[in-house]
Each structure stands twice: as C-alpha cells, then as structure tokens.
Amino acid sequence: MLVKKWTASKNNMDIIKANASSQAVSSISISIRQFLKFFIPSIIGLLLFVFPIPYVDGKFVSYAEGFTIPISVLKDYIQGYMGSLLPLFVVISIMITLCCTLYTKIMKPSFILNNAFLNNLLNVTTPWLVIRMLGAFFAVVTYFKYGYEFIYSDNIGGLILYELMPILFIVFFLAGLLLPLLLDFGLLEFFGVLLSKVMRPLFGLPGRSSVDCLTSWLGDGTIGVLLTDKQLEGGFYTKKEAAVIATSFSAVSITFCLVVISQVKLESYFLNMIGVVALCGIVCALIVPRLLPLSRIDNTYVVENSDRDHETIPEGKTLFTHSLHKAVHKAEKSPSFFTFLNDGLKNILDMWIGILPVVMAIGTMGLIVAEETPVFDYLGMPFIPFLELMNIPFAAEMSKTIMVGFADMFLPAIIGSSIESELTRFVIACLSVSQLIYMSEVGGLILGTKIPVSFFQLLIIFLLRTIISLPIIALCAHMIF
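Per my numbering, the sequence shown starts with residue 1264, numbered consecutively.
This is the structure we're talking about:
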C-alpha cells in the first residue's frame, strides 16, 4: 500500500512538473512563423552591419589581408558609382536645410509647427540655427572655392566636404533605411537580455549596448552613434547610458585602424595595434563613466517604453528562453513593409538635415584651428614631461599630435608619420584611435543627435581618455619594440 501511495505521489509530481514545463513553453508561445519573423530580418541585419567579409580597397581579398562589413561595401559601391556628384548633393542638402529652417523660424507655418517630425527637425533653437548657417557657408565656399582659401583648402574644408561628407551622406542613407532591421525585429531585445549579465555588472549598461559596440568595431563609429541615438529616442537607454555608450563604445572601426597604422608605415604591427586599442577601450569604459562629466548626467529616460529590457528572469524561464520570448514579442509588433520604408525615409531625413550641417560647421572650424593656428601645439606642451617620463623618443614632436586628435582622428597620423622612431609612431597611431572623440566626425555627430553631451563635456572626456590610454599604450609599445 505504501509503495502504491509513493508511486501515485511520484506520478502526480511528474504530472505537475510536466504541466509546469508545458506552461513555461506555452508562455513563450513561439510558433515557426513568429520565430522566422524575428530570425530572418535580424539575421539580415547582422549580415549587413556586423558580419565581416574579406574586402579591402574595392576588392575581395583573404581574411589575413583585412575585412569590413557588407554595409561598408555597399557604401564603397555607391560612392564609386556616384563619384563627384556626392559633394554637390551634400551642398544642396545643407542649403535646403538652411532655407527650410529660416522659413520655419520666420514664417512659422502651421503645417510644420503642427507636425511633430517636421517641427522637431526645422524649428530649432538659435544656436543650432547659427551652426546650420555656418555649415552652409563653409559648404558653399569650399565647393565653389570662392574667397577664403584657408577655408576651402584640401586640408580643411576640402577634407571635410570631399573626403568625409560623401561617406556620411551614403552611410546615413544606408543606415537610416536598414537600421530598422536591427531595431524593430527583436535582435536588440534578444542580446539585451542575453548579455545583461555581462554589460550591467561591468559597465552599468543594458546588454543591448554590446550590439552598438560590435557594429562600431566591425563597421563604423558613426553607425554606432546613430544606433545609440535611436535607442535613446525609443526609450531603451537613459540619457546617461546613451552618453556613456556614444563616448565609450562607439569604437573606431577596424578598417580605419588599418588606414591609420598604414599612414604611420607600421602595417606589420596591425594586430598589435588592435590588441592595444581593445585593452585601452575596456579600461576607459570601466573608468571614464565613473568620473565627471558622465557620472553627473541625468539617469532618466526621455520617453517611457513598456518594451524596455527587464533584466530579471521570470520564474520558470532560463536566460535564453526569456531572451527569445522578448525578441519574438518585439518582432510581433514590428511595422508593415510600407511603415518600415516610411520610418526609414524619416530616419534618413533626420540625419541628413539634423547632422550634416553640424559636422560641416564644427569639423571645418576644428581643422581651421588645427591647421592655421599654433593652439594645438601649445596645448600639447604640458604632455612633454609626461612623454619623457615614459621614455618615448621625440617627445616634443609627438606632443603636437596629442590634442590635434580632438579636431580630426587622422591628423595625428599625418603629422607624426615623419617621426623617425617606430615606437613613437606606434604610440601616436594607437592613441589617436583610443581617444575616440574627434569633432570632424564622431564628436560633431554626437552634438547633432539627442545624446545629452555638450562640446565642453566632449573635450573633458577626450582628455580623460588621453590621460588613461597614454600610459597603457606606452607600456605596451615598450614591450613590442
């Protein structure tokens, strides 16, 4: 009798466990259709923005020679096809932006003021209006090479308009149209929960921020900033989280690292450079957000979002099943194809109108200061004793490259390429990439977004990253050379 009761009790327990397991599975409620709705767009987004392919300088090569991501290949094809028309498109875009902004500020048309999207885009404050006017002025002077040679020279306005702006113009188009593949179909929800056990304890960030970093590292830092800005506006990141991610995790792409190390004629040390830069990035990401000014940024959301990541795992679910459940739930609410296109076109206009004039204005002004004045030379002088203490050859020459990186990341490599010491050139290359904040691209881009970081705060973050990274790079350089 006791055996029968025990057997019956055991069977009941098995039934209860089976029911609980069944309820857990049903609570996930994932059909093949729902899974594919999450999986297919997400895998396409990963292939476009993250998956590395062996492609360098317009041709497919072996992985040992270098690699990039498909979105970068698309950018190269479009740039090669459109060629010299791109700078003209940039000038037209910036001029249309200024005209529409002035019309909105002067005439105050109701069809713009009553439209949330257009009002946010065109009804800007006076400082931003001045920046758009400066951007238009620099663009026109540079394109027509009229009046001020120090503005339209190849090292200043020409560098911004003909080298940088066409790339941004295409990247904004591709990213604006295709970023919803990463944003709207559950991929960030999946990684957000799955990697929360790593990103939150180490960096105090949501797990989804790992995708921002990976996109920047394999693709382009500007794409990482744009992705972060969209997550801020969508209520997935707080203001502080967005600021930390944009200034600490929008890493310089591997492709551009190769360009920098090639400029200083040390291509054979490329893998050493990648390792040193990765180490500096991790250390800076651990330290800088805990210091001013990032530590004082308001840690609140700009909008409420019920789909925000919940990092506690519900009872009866594993980390993976909860990640999958969140992803599928997001994919179920994904937009229709026409809504997808409409949102993509809005993203493109938002970036073309809101960001291109800012980068043109701030990037040109930064390069004018760097090329036409000794300001950065003087600013680098305090670093000379620091460099001599770390036994870096040609300390005086290298000091001139340290602060100029705030204007443009490529300038230190250009200025330092003639220094005879390989060790010093290696330090310059690694530091210019690790400083991360440069106004001709990432810095100007951050100022043009909703991420709450000011110009002065960016300068402080740049200095902090420089001070933290320099000893690490110097130590590694002495071990390598």
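We put the CB at the ideal spot given by N, CA and C, even for glycine.
Computed from a prediction, not measured in an experiment: that's the story for all the values here.
A contact between stretches requires three or more CB pairs, one per stretch, nearer than 8 Å, and the segment 1684-1700 meets this requirement with the segment 1731-1740. The beta-carbon distance between Val-1474 and Phe-1448, rounded to whole angstroms, is 13 Å. This is too long to meet the 8 Å contact definition. A distance of 9 Å or more separates the beta carbons of Leu-1442 and Leu-1495. The C-beta separation of Arg-1571 from Phe-1689 comes to about 43 Å, leaving the pair out of contact by the 8 Å criterion.
Three or more Cβ pairs closer than 8 Å define a contact, and the segment 1336-1344 meets that threshold against the segment 1421-1437. In the DSSP assignment, the residues bridged to Lys-1322 are Val-1319. Note on Gly-1643: 16 or more other CB atoms within 10 angstroms of its CB, so buried under the neighbour-count rule. The Cβ atoms of Gln-1698 and Gly-1679 lie no closer than 9 Å to each other. Going by DSSP, Lys-1596 is part of no alpha helix (DSSP H) at all; its letter is neither H nor E. Taking C-alpha positions only, Gly-1629 is separated from Met-1702 by approximately 7 Å. Per DSSP, Tyr-1366 is one residue of the alpha helix (DSSP H) stretching across 1348-1370.
Nearest to Ile-1508 by alpha-carbon distance, out of Cys-1476, Val-1403 and Tyr-1415, is Cys-1476. The Cβ-Cβ distance between Gly-1707 and Val-1622 falls below 9 Å.
Residue environment analysis places Cys-1362 among the exposed positions, since fewer than 16 neighbouring C-beta atoms fall within 10 angstroms of its C-beta. Shown here, Ile-1625 sits in a helix according to DSSP, grouped into three states. Of the candidates Ile-1394, Arg-1395, Met-1396 and Gly-1421, the residue whose Cα lies closest to the Cα of Phe-1407 is Gly-1421. In the displayed model, Asn-1568 falls within coil according to three-state DSSP, outside both helix and strand. In the structure shown, the three-state DSSP call for Ser-1681 is coil.
DSSP places Val-1696 within a helical segment (H, G or I) once states are collapsed to three. Residues Thr-1364 of the same chain have their beta carbon placed closer than 7 Å to that of Val-1387, with the five preceding and five following residues left out of the count. Pro-1317 and Tyr-1409 have their C-alpha atoms some 42 Å from each other.
Asp-1561 and Tyr-1641 have their alpha carbons spaced roughly 34 Å apart. Assigned with DSSP and collapsed to three states, Ala-1505 falls in helix.
Secondary structure note for Leu-1445: its alpha helix (DSSP H) is the uninterrupted segment 1443-1446. When secondary structure is reduced to three states using DSSP, Asp-1417 falls in the coil class, being assigned neither helix nor strand.
Within the same chain, and ignoring the five residues on either side of Val-1404 in sequence, the residues whose Cβ sits closer than 8 Å to its Cβ are Gly-1410, Tyr-1411, Ile-1414, Tyr-1415 and Gly-1420. Annotated three-state conformation of Asn-1654 is coil, per DSSP. Counting C-beta atoms within 10 angstroms of its own C-beta, Phe-1301 has 16 or more neighbours from the protein chains shown and is therefore classed as buried. Taking the C-beta atoms as reference points, Val-1546 is found no nearer than 9 Å to Cys-1520.
In the DSSP annotation of this structure, Val-1387 is not part of any alpha helix (DSSP H), being labelled neither H nor E. Ile-1293 carries a coil assignment under DSSP once its states are collapsed to helix, strand and coil.
The alpha carbon of Leu-1726 has as its nearest neighbour, out of Ile-1665, Pro-1620 and Pro-1675, the alpha carbon of Ile-1665. One alpha carbon belongs to Ile-1359, the other to Ser-1732, and they sit about 42 Å apart. The beta carbon of Ile-1576 sits closer than 7 Å to those of Leu-1582 and His-1585, all from its chain and outside the five residues before and after it, given in chain order.
Around Ala-1624, the same chain offers Ile-1394, Leu-1397, Gly-1398 and Phe-1401 as residues with beta carbons nearer than 7 Å, after the five sequence neighbours per side are excluded. Minimum Cα-Cα distance from Ile-1423 among the listed residues Gly-1467, Leu-1554, Phe-1512 and Pro-1350 corresponds to Pro-1350.
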